[in-house]
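Per our numbering, the first sequence starts with residue 145, numbered consecutively.
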Amino acid sequence: MTVEPTTESTNFIREAIEEDLQTGRFTYVQTRFPPEPNGYLHIGHAKALCIDFGMAEAFGGVCNLRYDDTNPVKEDVEFVDAIQEDIQWLGFKWGEQGPLYASDYFEQVYQMALQLIVKGKAYVDDLSADQIREYRGTLTEPGRESPFRNRSIEENLDLFRRMRAGEFEEGSRVLRAKIDMASSNINMRDPTMYRILKTPHHRTGSEWPIYPMYDFAHGQSDSVEGVTHSLCDLAYEDHRPLYEWFLEELGLFKTRQIEFARLNMTYTILSKRFLKQLVDGAYVSGWDDPRMPTLCGMRRRGYPAKAVRRFIDTIGVAKKENLIEIELLEHLVRDELNLSAKRVLGVLDPVKVIITNYPEGQVEEMEAINNPEDPSAGNRKVPFSREIFIDAEDFREEPPPKYFRLAPGREVRLRYGYIIRCIDFVKDPVSGNITEIHCTYDPETKGGYAPDGRKVQGTIHWVSAHHALDAEIRIYDHLFTEPNPNKVEEGKSFLDHLNPEALKVLHGCKVEPSLAFTQPGETFQFERKGFFCADLDSTAGHLVFNQTVSLRDGWAKIEQKK
RNA sequence: UGGGGCAUGGUGCAAUGGCAGCACACCAGACUUUGGAUCUGUGGAUCUUGGUUCGAAUCCAGGUGCCCCAGCCA
């Protein structure tokens, strides 16, 4: 069934924005999507994307793309380019000013720091990182004030300017907000505003030896851009009072922050840090490995952008911790592809069938439907001949009950072909594998129709041995074996739950000749098997297909029950 | 034994004092030249205790459980 995205459904964020408009707190709506360019976007970011861009669009506002690039140690241009590509793939358009950067505001933010120093609300601290941690106290005990907390404004100004001038070593000093070391909210215990970092920045080069912390840049960046609603992860709930304190002290426009629960998905890990570990440790082939939950991985896998968008719309938005079943995403991927994917015949695990009463050298062009869900997709010809390949699992020497496929003495229909009957087979005495199947065909059943009205339960796919193209097919399964790979026992890591069978590469698969000039990214349904798309690695001389998602398999279910 | 947040079928989201509904999953069946798709149907939920009310998932009070916070990361 096809369901339109339920973009009209309400949620607590939409209601809050409506209220802000009604009460006059804001007269317009503006949001932002603020990624740090330190990794590739994943399905969790798609949720944030849909909320940030979706809310702006719903209220006729703009959503800016703004990189939170305040830590040059972890960031890289590779990521800023990739992030833009992924956002566009999902179909979102950021504000007309183009991509923005927190680093655009470094000078402004520096001036803000100076302002706070002058107000006596910030000070340079010479304590080491370890000492600062000690002085911070614990969750249940208040912290202690730094001995440097009460330096004069002049000294603070001088020291901070010299930090900016690059006079001090990394780690030797920081600038801190002077708030309340006894606050029950640890974020208010004189948080660090600036640290010394001599690493060059991907945009500002070596201009700055100091960089603002995210907490001292994010809120003001929102404010400077006129962002009305800053929609973010629950993790920042505790930071909201700090952002509000900065805006208040600085006398800036007050953005409203609203937090929502991030996405979690079964059999998946959605932490940039862990995903980076998979890439750096070569557990996967890269950020765009089709097993990865990254947007580029899903794109390469063949997931339609629309399926990803519908998925996010379907799961909704709330503040409750959640673990979404990956089956929902897979359902939506099938639902989209079912309508659009061209049907073709492909044999993954070929076994030769010889039709003994079919004339040698004869070839017939059989009429095949391209997409039963879309009559406008038209028909195509598929060559039929005396020797064909079928999938090994479509033949059983001893068929179990309800097995409707080929078996000794039994009839089966070749899709768009003929009805054939198995009269013999050859078995390798060593391996026990079936190496050849002999059948006869009924010449009266061309196209698969039985003029006598006889019932043939099974229909299987096939390709003409002579005309078939070789292909490599990559079959994917969930990357992890545990529904929640984040939950790990003592002494173990998420890596212990990696699924060793998440990728199976099949060589020597046989596909119909119409696939000869397939372009990377083209999607198909291999009938009875699943949806596939030509991989980036695919060429005319060496076809490579990714299994996007398998078809629902009723027979597998019947077998499982036994 | 600090602070912040969250509790509705298996999963996720609705119901905003008035018959607890939708999607996925699950189960049964129909149809079928894809054991796909489609169609029909079944089962199953308000954390707990008390209170307010004609009436509570919703309001109030207490309890319980789960998540987040002690980076010079974001």
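For every residue, glycine included, the Cβ atom is placed at its ideal position computed from N, Cα and C.
Predicted model only: the values in this text are computed from it and were never measured.
For the candidate residues the options, whose alpha-carbon lies nearest to that of residue i?
i: Phe-203; options: Val-224, Pro-243, Ile-157; result: Ile-157
i: Asp-196; options: Ala-660, Ile-402, Leu-165; result: Ile-402
i: Arg-317; options: Ser-327, Arg-305, Met-325, Cys-583; result: Arg-305
i: Asn-514; options: Gly-310, Ala-160, Val-488, Lys-496; result: Val-488
i: Gln-506; options: Ala-426, Tyr-254, Glu-666, Ser-608; result: Ser-608
i: Val-428; options: Tyr-254, Cys-583, Tyr-620, Glu-313; result: Tyr-620
i: Glu-311; options: Phe-638, Lys-322, Pro-353, Ile-276; result: Pro-353
i: Gln-691; options: Arg-400, Thr-603, Tyr-447, Thr-348; result: Tyr-447
i: Met-510; options: Lys-237, Phe-236, Leu-558, Arg-417; result: Leu-558
i: Val-224; options: Gln-252, Pro-178, Cys-194; result: Pro-178
i: Val-262; options: Pro-216, Lys-322, Asn-630; result: Lys-322
i: Glu-504; options: Leu-193, Asp-220, Asp-493, Glu-531; result: Glu-531
i: Val-461; options: Ala-405, Leu-386, Asp-269; result: Ala-405
i: Ile-227; options: Lys-218, Arg-210, Gly-239; result: Arg-210
i: Cys-194; options: Leu-260, Glu-289, Ala-309, Cys-376; result: Cys-376
i: Glu-517; options: Glu-480, Lys-636, Ile-413, Glu-508; result: Glu-480
Using the C-alpha atoms, what's the distance from residue j back to residue i?
i: Arg-293; j: Gly-370; result: 33 Å
i: Asn-577; j: Asp-535; result: 13 Å
i: Val-206; j: Val-452; result: 22 Å
i: Ser-296; j: Ala-266; result: 10 Å
i: Ala-684; j: His-651; result: 16 Å
i: Cys-440; j: Leu-473; result: 16 Å
i: Lys-705; j: Gly-698; result: 11 Å
i: Thr-710; j: Glu-634; result: Only positions 145 to 706 of the chain appear in this structure, which leaves residue 710 out of reach.
i: Asp-274; j: Glu-465; result: 33 Å
i: Phe-624; j: Asp-640; result: 9 Å
i: Arg-333; j: Tyr-279; result: 9 Å
i: Glu-229; j: Pro-243; result: 12 Å
i: Ser-529; j: Lys-701; result: 34 Å
i: Ala-326; j: Lys-450; result: 50 Å
i: Lys-486; j: Val-655; result: 14 Å
i: Gly-665; j: Asp-433; result: 14 Å
i: Ala-660; j: Asp-681; result: 14 Å
i: Gln-252; j: Ala-361; result: 10 Å
i: Ala-521; j: Phe-670; result: 16 Å
i: Glu-154; j: Ala-200; result: A quick correction: the sequence has Thr, not Glu, at residue 154. Distance between the alpha carbons of Thr-154 and Ala-200: 14 Å.
i: Glu-703; j: Arg-347; result: 58 Å
i: Arg-454; j: Asp-269; result: 50 Å
i: His-186; j: Asn-643; result: 19 Å
i: Ser-658; j: Leu-378; result: 51 Å
i: Asn-482; j: Gln-241; result: 39 Å
i: Gln-255; j: Leu-386; result: 18 Å
i: Lys-398; j: Pro-286; result: 29 Å
For residue i, which residues does DSSP report across the bridge?
i: Leu-375; result: Ile-402
i: Arg-557; result: Ile-563, Thr-603
i: Met-510; result: Val-526
i: Tyr-211; result: Tyr-245
i: Ala-678; result: Phe-689
i: Tyr-358; result: In the DSSP output, where bridge partners are listed per residue, Tyr-358 has none listed.
i: Pro-494; result: Asp-535
i: Lys-546; result: Paired residue(s): none; Lys-546 is not in a bridge.
i: Phe-670; result: Val-488, Gly-674
i: Ser-694; result: Gly-674
i: Cys-653; result: Ala-615
i: Ile-578; result: Lys-571
Find out if the Cβ-Cβ distance for the pair residue i, residue j is shorter than 9 Å.
i: Leu-407; j: Thr-438; result: no
i: Tyr-562; j: Pro-527; result: no
i: Tyr-249; j: Val-368; result: yes
i: Asn-329; j: Asp-359; result: no
i: Ile-564; j: Val-556; result: yes
i: Ala-646; j: Arg-435; result: yes
i: His-605; j: Gly-490; result: yes
i: Tyr-380; j: Tyr-355; result: no
i: Thr-410; j: Leu-476; result: no
i: Cys-583; j: Val-497; result: yes
i: Phe-689; j: Glu-616; result: yes
i: Pro-344; j: Pro-216; result: yes
i: Glu-219; j: Asp-213; result: yes
i: Trp-431; j: Gly-591; result: no
Examine the ligand HEM and report whether any of its heavy atoms sits within less than 8 Å of the Cβ of residue i.
i: Lys-631; result: Ligands in the displayed structure: none, and consequently the ligand HEM is not present.
Runs of alpha helix (DSSP H) lying entirely within the region 599-644, each at least 4 residues, in chain order: none
Quick one: which unbroken alpha helix (DSSP H) runs of 4-plus residues sit fully inside the region 408-437? Chain order, please. 416-424
What are the complete beta strand (DSSP E) segments, minimum 3 residues, inside the region 245-279? 266-269
Quick check for students: name the residue ranges of the alpha helix (DSSP H) that lie wholly in the region 288-367, counting only runs of 4 or more. 297-308
Alpha helix (DSSP H) runs wholly inside the region 161-197, at least 4 long, in chain order: none
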